[in-house]
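Which chain is which? The protein sequence lines are A, B, C and D, in order. If you read the first sequence in this note's numbering, its first letter stands for residue 387, the second for the next number, and so on. If you read the second sequence in this note's numbering, its first letter stands for residue 387, the second for the next number, and so on. If you read the third sequence in this note's numbering, its first letter stands for residue 17, the second for the next number, and so on. If you read the fourth sequence in this note's numbering, its first letter stands for residue 17, the second for the next number, and so on. Backbone N, C-alpha and C fix where the C-beta goes; we use that ideal spot for every residue, glycine too. Data first, discussion second: the structure below is written as structure tokens.
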Amino acid sequence: MVKMTFQDALLDATTLEMARDDSVFVYGIGAPDHKNIFGTTTGLVEKFGENRCLETPLAEDSMTGFGLGAAMNGMRPIHVHIRMDFVLLAMNQIVNMLSCASYGSCGKLKAPMVIRAIIGRGWGQGYQHSKTLHSYFSHIPGLKVVLPTTPSDAKGLLTSAIRDDNPVIFIEHRWLYFAEEDVPEGDFSIPLGKGKVLREGNDLSIIATSWMNIEAMEAAKMLKEYHGVEVEIIDPRTIAPLDEEIILSSVRKTGHCIVADNDWSFSGFGAELSALVAEKAFDSLKKPVTRIGFEHTPCPTVRKLENAFYPNAKTIVRAVEEKLGLPKSDLSSQDLFSHERKFKGPF
Amino acid sequence: MVKMTFQDALLDATTLEMARDDSVFVYGIGAPDHKNIFGTTTGLVEKFGENRCLETPLAEDSMTGFGLGAAMNGMRPIHVHIRMDFVLLAMNQIVNMLSCASYGSCGKLKAPMVIRAIIGRGWGQGYQHSKTLHSYFSHIPGLKVVLPTTPSDAKGLLTSAIRDDNPVIFIEHRWLYFAEEDVPEGDFSIPLGKGKVLREGNDLSIIATSWMNIEAMEAAKMLKEYHGVEVEIIDPRTIAPLDEEIILSSVRKTGHCIVADNDWSFSGFGAELSALVAEKAFDSLKKPVTRIGFEHTPCPTVRKLENAFYPNAKTIVRAVEEKLGLPKSDLSSQDLFSHERKFKGPF
Amino acid sequence: MSSLSLDLYKKLFLSRAAEECIMKYYHEDDMKTPMHMSMGQEFIPAAVCQALGERGQIFTSYRSHAPYLCRTDDVEGFFGEMYGKISGPMRGKGGSMHLSNPDLGHMCASAIVSSLIPVVVGAAWANKMKNTDKIAAVFFGDGAVDEGCFWESMNISALMQTPALFICEDNGLAVHTSKRQRQGYKNLPDIIRHFDVHVITSKSTDAEEIHGLVKEAMDVIDKTQKPVFMHLECYRYLEHVGVYEDFDAGYREKEESWYDSGALRVQRQRLLDQGMDEKDIVQLEQEIETRVENALMAAKAEKFPEDDELYEGVFYG
Amino acid sequence: MSSLSLDLYKKLFLSRAAEECIMKYYHEDDMKTPMHMSMGQEFIPAAVCQALGERGQIFTSYRSHAPYLCRTDDVEGFFGEMYGKISGPMRGKGGSMHLSNPDLGHMCASAIVSSLIPVVVGAAWANKMKNTDKIAAVFFGDGAVDEGCFWESMNISALMQTPALFICEDNGLAVHTSKRQRQGYKNLPDIIRHFDVHVITSKSTDAEEIHGLVKEAMDVIDKTQKPVFMHLECYRYLEHVGVYEDFDAGYREKEESWYDSGALRVQRQRLLDQGMDEKDIVQLEQEIETRVENALMAAKAEKFPEDDELYEGVFYG
Ligand SMILES: Cc1ncc(C[n+]2csc(CCOP(=O)(O)OP(=O)(O)O)c2C)c(N)n1
Ligand SMILES: Cc1ncc(C[n+]2csc(CCOP(=O)(O)OP(=O)(O)O)c2C)c(N)n1
Ligand SMILES: [Mg+2]
Ligand SMILES: [Mg+2]
């Protein structure tokens with residue numbers, strides 16, 4: 387084990403896989419420049435040469451098709467996007483082409499491609515640099531979708547994503563980049579499609595995605611402190627294929643469920659989680675599922691409104707209090723996470 | 387009232403609005419050609435001239451931006467796509483640009499644009515010509531999303547969509563084109579955001595979108611015939627903004643809900659409907675909501691597998707029987723809809 | 017008589033015979049798949065596939081009957097797919113618009129216009145990285161070049177020097193819309209010449225002439241790893257989709273000159289000029305026709321896939 | 017001294033002073049918005065906005081400080097937006113990357129590279145249909161031209177003859193990536209000349225010279241309704257985003273010649289040559305600086321929007 391940040395973990399997984407398999411390569415706008423996609427591609431050019439860590443023209447759509455073609459011919463491309471919003475330019479290649487490359491050849495061709503997309507917030511991103519959109523990908527048969535929360539998961543899941551013979555959309559919240567923990571050294575993978583209990587508890591289940599797990603962990607601390615309530619937190623990690631069982635057994639145990647999805651709620655992945663739980667753990671539910679997500683507006687730039695736009699640990703605490711019929715605790719002394727503690731812009 | 391098919395109703399609404407307001411224009415690949423988008427643009431060039439019914443280069447992305455720019459400067463564009471799948475090329479313009487044109491100018495600019503997209507199935511469309519994707523649009527704040535089922539609704543809702551000062555995604559199932567019913571003549575609009583009870587009943591609520599309403603109506607007949615069961619069918623018509631109340635009051639009345647969405651279920655709009663009902667009509671639900679949708683695979687071409695891919699009236703009958711604990715009726719004599727027999731009514 | 021001339025004629029005749037057979041049986045409505053016919057344009061795929069031979073990795077649009085047959089010679093699988101039967105290379109899941117048989121060099125087809133152009137850039141780049149002798153080639157129309165991804169792909173391919181073969185089959189139409197209604201420039205090849213791409217153009221319908229140009233392209237690729245853009249004019253005999261003529265629709269005239277210079281006619285005359293006996297040609301033609309008809313009948317008689325095949329191939333392996 | 021020369025200098029100086037003021041206060045971390053500075057490139061927006069005047073409908077990228085100030089002269093709103101205050105034209109919802117003030121002719125900005133290029137094609141077309149005297153103009157960089165939608169837009173605009181003004185500010189870089197690493201061709205304007213578009217190019221940093229070229233463009237638009245593509249070379253003084261230089265990062269050299277020929281210097285000298293007194297210039301400069309500093313201070317003192325404004329403007333009206 388060695389202490390690593392989330393971004394180090396991503397770089398570690400990438401470096402190891404590139405060393406192990408010379409068909410793996412990384413490309414994307416800015417991949418080999420000196421900023422190195424928040425340090426997640428540092429040293430790749432030096433170690434593996436310019437043909438394995440490539441700069442590209444600004445052409446998200448065609449560069450996705452490029453990856454698909456390379457994958458069909460035996461390569462394992464990792465396409466990096468510094469903002470999820472830019473992936474919208476590539477929806478045709480992802481949804482109409484990549485997702486069905488195997489089906490469209492009756493299983494003869496494969497498309498082992500990883501698309502890394504960074505999501506996140508803060509510091510004036512605004513409505514064109516703040517989208518998550520994981521529901522878009524999870525909706526499409528043939529795509530796998532991963533949203534790691536911890537550095538270990540980042541390493542283990544990225545390794546599996548690279549080794550997978552299918553297209554994997556790998557979604558990273560930029561605030562997680564500074565998280566640090568002990569991560570297994572060397573070869574380490576975590577199977578796609580397995581969720582994780584981030585925190586055990588018997589009183590209520592919180593199913594959270596990506597950054598919302600951090601908020602949920604904060605909320606759990608407050609709930610224990612103020613109410614002695616023990617919430618269980620489930621991080622599905624891979625949302626397609628989804629580990630239904632880990633979610634359902636938690637809810638069957640606690641009888642209560644809050645879904646905290648890192649996205650707009652309406653018609654989003656949070657709806658899938660809420661529907662799943664209500665359909666398949668119906669008899670265990672003592673109260674309806676509560677969904678927490680972004681406010682249903684484009685994301686504003688100014689910090690004050692941005693703070694109103696995003697749900698946080700307090701939002702979760704309030705939802706738990708309401709569901710369990712607890713009095714509202716005084717949270718005024720609680721400091722919410724602010725990325726300035728780690729991070730000073732610009733970008 | 388005059389008997390009209392669904393496509394006539396669309397043409398009627400378009401023609402009337404173009405006559406009423408000369409900022410309205412129609413454009414898209416094939417819009418003015420002799421096939422006239424299944425007859426929904428017939429005569430527009432002759433009546434209004436070449437500048438109001440435009441052919442375009444194959445450039446879905448930029449032609450969407452084109453519409454946005456024209457809308458900002460006072461026009462009311464209607465952009466037609468003969469397949470929803472092609473709209474995937476325009477996701478950037480729709481999601482990153484069109485949806486937030488008003489927000490992005492602090493409410494000063496408007497983007498009154500209609501995007502008509504045809505969905506559907508049959509006759510070897512395969513996995514690149516069969517997508518629905520309404521959940522993609524309903525997920526995004528700032529977009530309105532309409533899926534009419536009947537000719538009257540097609541006319542009334544398209545009229546409202548054209549008059550609306552916001553972007554509206556208007557989704558038409560091609561099998562509906564042959565439906566025929568009495569439609570109000572002349573000026574006729576139906577407000578966006580209002581659902582409709584297609585059939586009244588007390589035993590179970592079916593919330594269906596687009597073509598699935600037709601299957602639900604067929605199923606309702608069989609259920610009445612075989613079991614004396616009266617299902618209620620709710621067509622939300624506009625899914626964003628969604629008429630929650632009409633859905634919830636039906637479920638509160640019947641205590642049972644089946645969601646039949648014309649799309650893949652996982653992470654789709656069906657999930658939103660199921661989640662909504664379970665969250666807000668929790669206490670009325672006697673059983674969990676059942677979701678019906680496409681099989682979670684790309685759509686195959688051969689008719690036999692296509693029939694296995696799409697749910698139909700029988701799927702709904704079986705789901706109702708299971709939910710209500712009824713014996714399986716013998717449906718072998720029931721003929722399923724096939725578009726080779728063009729569809730007339732029931733509306 | 018040269019074996020090249022004969023091989024080309026066989027390919028041309030096979031494609032034509034297969035499509036004539038489709039026309040003969042389509043009305044029965046058992047081939048439930050939208051037909052975008054190659055008829056009139058076969059000389060391009062025939063020449064390209066003949067020249068590339070086993071080196072060719074073919075990517076096509078929905079208009080892929082001739083490329084498929086010329087590359088794979090798999091008439092039996094072809095009709096299997098048209099009828100949606102398990103004898104099709106995709107066991108019926110693909111149909112006419114999605115022919116794919118990578119084992120035989122026909123990689124895949126896409127019904128989304130222009131969407132395989134960037135894919136072939138990546139495929140070619142992989143070939144370069146892996147040092148294979150394969151040549152990735154993509155067929156697309158004059159409508160596809162309207163799409164942004166065509167231009168992105170020209171740029172990327174020129175920049176990265178990916179040894180791809182871009183074949184623009186310019187039949188002057190996208191569905192019913194002429195180039196004049198879609199293009200704000202006069203001459204596409206003249207534009208592409210500004211990119212670091214080798215450009216070849218032709219208006220000829222002579223398969224053998226085109227074959228020579230493809231050989232030139234292969235030479236460029238082998239010597240320089242440069243991408244090659246071939247702009248080849250042609251004429252669509254039938255409606256955009258379907259098995260009939262539609263000259264009565266009024267969007268274009270029937271241009272007799274294209275039929276006079278039709279590739280099959282030219283190539284057949286060449287064989288005669290080269291001394292092949294008329295009756296040998298006729299016999300060859302009959303053999304092909306019989307093979308085609310038998311393949312169609314066999315496909316009719318084949319089984320449909322089982323319903324549980326629906327989920328096969330969603331994920332690889 | 018000509019009023020044109022003076023007006024241009026005022027615009028140049030205003031943009032520069034505003035950005036210098038940003039540099040001065042940015043470290044306080046109260047302007048929480050990513051700054052893509054115009055510094056070094058101001059002569060282009062100054063010339064364009066001066067020439068277009070009230071006729072101009074400006075669409076920009078995230079790099080829009082100079083276009084915004086040159087078009088609107090709204091320094092107060094500008095700083096309001098930088099600080100996210102209700103005095104900003106978007107009441108803080110937009111920030112540096114999304115300046116929009118349609119009432120003053122700055123239509124909107126987009127942080128998605130190239131995405132306003134097609135929008136301006138449509139805006140120009142509407143102007144043509146409605147017979148207004150407005151001219152829709154879009155600013156974009158040499159990175160934007162990599163994107164397919166740039167090429168689609170050139171084609172559409174040429175085809176439909178939409179009287180749009182396309183202004184490519186070619187600073188040679190997309191973030192840290194040079195054109196050489198992104199473009200598989202030598203000369204963009206030479207390619208665009210093949211489209212039915214009027215092309216104007218310049219390497220000059222002289223705002224007055226560019227102003228003349230924009231007047232030429234307007235003439236073409238007024239006489240022929242033809243779109244005009246202006247390719248203008250320039251030099252970014254600072255890092256891609258942020259308020260510092262980053263020549264130490266190693267991706268490019270500091271090129272002194274661009275500073276020597278800097279537009280402010282050139283234009284100031286012109287005023288002197290035209291007989292304007294040094295001290296009048298200094299006074300003018302001081303007035304502008306004071307105005308800028310006051311605007312910044314006023315913005316600091318302003319209110320943030322109320323939380324319930326979050327939902328305002330999601331739908332129009
Ligand atoms: C992205 C996309 N837009 C629109 C269509 C509808 N469509 C199918 S074929 C076609 C015309 C294509 O013309 P061209 O590329 O010249 O090919 P041809 O049919 O002439 O071989 C169009 C517009 C499509 N399939 N994909
Ligand atoms: C579609 C898209 N892809 C990538 C980015 C990230 N990005 C922001 S600015 C930029 C460079 C753009 O360069 P250029 O167009 O030359 O403009 P400049 O910054 O030089 O003014 C990139 C790649 C983006 N904003 N949008
Ligand atoms: Mg064509
Ligand atoms: Mg630049």
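Asked                                                                                                                                                                                        : Found
Using the C-alpha atoms, what's the distance from L562 (chain A) back to H613 (chain A)?                                                                                                     : 28 Å
At the 8 Å Cβ level, is Q241 (chain D) part of the contact set with chain C, yes or no?                                                                                                      : no
Q197 (chain D) versus chain A: which residues are under 7 Å apart at the beta carbon?                                                                                                        : E441
Give the range of the alpha helix (DSSP H) segment to which W561 (chain B) is assigned.                                                                                                      : Premise fails: W561 (chain B) is in no alpha helix (DSSP H) and is neither H nor E.
Which residue marks the beginning of the beta strand (DSSP E) containing A594 (chain A), and which one marks its end?                                                                        : 590–594
Please identify the residue among D:M53, D:M98, D:R32 whose C-alpha is closest to the C-alpha of K316 (chain D).                                                                             : D:M98
Between A62 (chain C) and chain A, is any beta-carbon pair separated by less than 8 Å?                                                                                                       : no
Just the chain D side, please: which residues come within less than 8 Å of F523 (chain A) by C-beta, in chain order?                                                                         : Chain D residues near F523 (chain A): none, gap ~19 Å exceeds 8 Å.
Checking the sheet assignment: what are the DSSP bridge partners for F156 (chain C)?                                                                                                         : C:C184
Report yes or no: is there a C-beta of chain A within less than 8 Å of the C-beta of S77 (chain C)?                                                                                          : no
In terms of residue numbering, what span does the beta strand (DSSP E) encompassing W597 (chain B) cover?                                                                                    : No beta strand (DSSP E) holds W597 (chain B); DSSP gives it neither H nor E.
Just the C-alpha distance for P732 (chain A) and M47 (chain D), rounded to the nearest angstrom, thanks.                                                                                     : With a pLDDT of 26 at P732 (chain A), under the threshold of 50, the modelled position of that residue is not reliable, and no figure is offered here.
Could you tell me which chain D residues have their CB closer than 8 Å to the CB of V466 (chain A), listed as they occur along the chain?                                                    : Per Cβ cutoff of 8 Å: no residues; V466 (chain A) is ~13 Å from chain D at best.
To test your reading of the DSSP string, which unbroken beta strand (DSSP E) runs of 3 or more residues are found completely within the segment 177–235 of chain C?                          : 181–186, 214–218
For C685 (chain A), which three-state DSSP category applies?                                                                                                                                 : coil
Quick check on I304 (chain C): does DSSP put it in helix, strand or coil?                                                                                                                    : helix
Roughly how many angstroms separate the alpha carbons of K730 (chain A) and D45 (chain D), rounded to a whole number?                                                                        : Interpretation of K730 (chain A) is limited by its pLDDT of 29, a score under 50 that renders its predicted location unreliable; the figure taken from the coordinates is listed afterwards. Distance between the alpha carbons of K730 (chain A) and D45 (chain D): 9 Å.
P674 (chain B) lies in the alpha helix (DSSP H); which residues open and close that run?                                                                                                     : No alpha helix (DSSP H) contains P674 (chain B), which DSSP labels as neither H nor E.
Might you give, ordered along the chain, the residues of its own chain that have their beta carbon closer than 8 Å to the beta carbon of L288 (chain D), omitting 5 neighbours on each side? : E294, I297
Looking only at DSSP bridge pairs, what is F411 (chain B) linked to?                                                                                                                         : B:P463
For the segment 486–506 of chain B, list every residue whose C-beta sits within 9 Å of some C-beta in chain D, in sequence order.                                                            : C486, A487, S488, Y489, G490, S491, C492, G493, K494, L495, K496, A497, P498
Run down chain D in chain order and give the residues with a C-beta less than 8 Å from the C-beta of C165 (chain C).                                                                         : G164
If you measure from each residue's Cβ to the nearest non-hydrogen atom of ligand 4, which ones come out under 6 Å, in chain order?                                                           : D:G157, D:D158, D:G159, D:N187, D:L189, D:A190
Name the residues in the segment 206–224 of chain D whose C-beta lies less than 8 Å from a C-beta of chain C; which are they?                                                                : D206, I207, H210, F211, D212, V213
How many angstroms separate the CA atom of T391 (chain A) from the CA atom of G542 (chain A)?                                                                                                : 13 Å
Buried or exposed: where does M123 (chain C) fall if 16 or more other Cβ atoms within 10 Å of its Cβ makes it buried?                                                                        : buried
Check the C-beta distance from I504 (chain B) over to M449 (chain B) and give it rounded, since I have them as a contact under 8 Å.                                                          : That belief does not hold up - the Cβ atoms of I504 (chain B) and M449 (chain B) are roughly 16 Å apart, past 8 Å.
Please list the partners that V675 (chain A) has in chain B, where partner means a Cβ-to-Cβ separation under 9 Å.                                                                            : A661, A664, E665, F668
Could you check which residue in D:M53, D:V64, D:M51 has the C-alpha nearest to that of G228 (chain D)?                                                                                      : D:V64
Name the one or two DSSP bridge partners that L544 (chain B) has.                                                                                                                            : None, per the DSSP bridge assignment.
Could you spell out the range, first to last residue, of the beta strand (DSSP E) harbouring N143 (chain C)?                                                                                 : Here N143 (chain C) belongs to no beta strand (DSSP E); instead the alpha helix (DSSP H) covers 133–146.
Give a yes or no on whether the minimum CB-CB distance between S131 (chain D) and chain C is below 8 Å.                                                                                      : no
Quick check: is the beta carbon of K50 (chain C) nearer than 8 Å to any beta carbon in chain A?                                                                                              : Sequence check: residue 50 (chain C) is Pro here, not Lys. No, its Cβ sits nowhere closer than 8 Å to a Cβ of chain A.
Specify, as a first and last residue, the run of the beta strand (DSSP E) that L248 (chain D) falls within.                                                                                  : 244–249
Any idea what DSSP makes of K316 (chain D), helix, strand or coil?                                                                                                                           : helix
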